[in-house]
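Quick note on numbering: the numbering used here labels position 164 of the sequence shown as 164, and the sequence is numbered without any gaps. The C-beta atom is built at its ideal place from N, Cα and C for all residues, glycine as well.
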Amino acid sequence: MTEEIKETRKKLIGDLHRLRPYMRSEYRAMLGDAGIPEMDEKLYREKVFDFERAPHVEKNGIEKAIDIIGAVSADVFPNTTIYLFTCLQRTEAFHYELLRPENEPGKDESRSLMFKLGLRKTIRKTAAMLPESALNIWRCRRQLLDVLENELWRIELDIGETAEAEKVTKLRMLADTLHAITPAQLSIFESDSDLKESFVRENGEPAKKLLLFVADKNISHAAD
């Protein structure tokens, strides 16, 4: 099994090194030049996108994720799925830490969406190597985290509704619970339904509301 994991690790690191950041023209095609109307232009360049610096900053995010994944040994895991879940969890945990309010917004490039986009690219590439059942479980967890983390990011940038401390605490509680699921625990779930049931048992009504929101969002997108 160790040799299989080593081969997986070798392929994964190789694939990640071939990732490239978006070109400036691609950023403009995706985002346009309008920015976020309710957001200060200087803050937008620092925290979201500076079209001139974006490829460089995103590349730094990719390289940081490669460093994190490269530090995961192939010798200590019982199977490839738990190895990949570990690579994902460590990279996602680093991404999540960049949302911590005690880290001053705009203090360095790692707080920007440009840098985080690089991390997200490596996360998606890593997840794609999971077997189908494990991938479905990871996607379910990731959809929930995306909603929570995007809301925390909007609150940080002050482009959403003003958030009371109680709301932020609730968002963090749910996100912390999902991030706390260990790779071994994730590998035990047989389906995304098992993950959802465990999430609701631990968090009650707030977890139910989040699951309903994500389900409704996915249905809406499917109808587009």
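Margin query: Could you compute how far the alpha carbon of residue 52 sits from the alpha carbon of residue 115?
Written below: Between the alpha carbons of residue 52 and residue 115 lies a distance of about 14 Å.
Note to self: Between residue 19 and residue 122, how many whole angstroms is the CB-CB distance? I'm expecting something under 8 Å.
What the structure shows: About 7 Å; that satisfies the 8 Å criterion.
Next item on the list: Under the assumption that residue 82 contacts residue 184 (Cβ atoms under 8 Å), give the Cβ distance between them as a whole number of angstroms.
Entry: 6 Å
Next item on the list: Assign residue 106 to one of three DSSP states: helix, strand, or coil.
Entry: Its pLDDT being 49, under 50, residue 106 is placed unreliably in this model, and the coordinates cannot settle the point.
Check: Excluding the five sequence neighbours on either side, which residues of its own chain have a C-beta within less than 7 Å of the C-beta of residue 4, listed in chain order?
Finding: 80
Check: By Cβ distance below 8 Å, which residues in the same chain neighbour residue 99 in space, the five residues on each side in sequence not counted?
Finding: In its chain, beyond the 5 residues on either side, 149, 152, 153 and 156 have a beta carbon closer than 8 Å to the beta carbon of residue 99.
Item checked: Closest by C-alpha distance to residue 21, when choosing among 40, 190, 61 and 97 -> 61
Next item on the list: Look at the Cβ atom of residue 127, then the Cβ atom of residue 135, and state whether they are nearer than 8 Å.
Entry: yes
Notebook entry, point to check: If you run the structure through DSSP and keep just helix, strand and coil, what is residue 202?
Noted result: Secondary structure at residue 202: helix, using DSSP grouped into helix, strand and coil.
Next item on the list: Count the other C-beta atoms from every protein chain shown that fall within 10 angstroms of the C-beta of residue 217, then say buried if there are 16 or more, exposed otherwise.
Entry: exposed
Check: Do residue 75 and residue 8 have their CB atoms nearer than 8 Å?
Finding: no
Check: Beta carbon of residue 73, beta carbon of residue 137: below 8 Å?
Finding: no
Check: Excluding sequence positions up to five away, which residues of its chain have a Cβ less than 7 Å from the Cβ of residue 170?
Finding: For residue 170, the CB contacts under 7 Å within the same chain, skipping 5 residues up- and downstream, are 206 in chain order.
Next item on the list: Following the continuous alpha helix (DSSP H) through residue 150, name the residue where it begins and the one where it ends.
Entry: 132 to 157
Notebook entry, point to check: How long is the line joining the alpha carbons of residue 164 and residue 113, rounded to whole angstroms?
Noted result: If I take the Cα positions, the gap works out to 24 Å.
Check: So, residue 58 versus residue 16, is the Cβ gap smaller than 8 Å?
Finding: No.
Checklist line | CB contact flag (residue 140, residue 196, <8 Å) | finding: yes
Item checked: Reference residue 147; option with closest CA among 202, 43, 186 and 175 -> 175
Next item on the list: With DSSP as the reference, label residue 215 as helix, strand or coil.
Entry: Reduced to three states, the DSSP call for residue 215 is helix.
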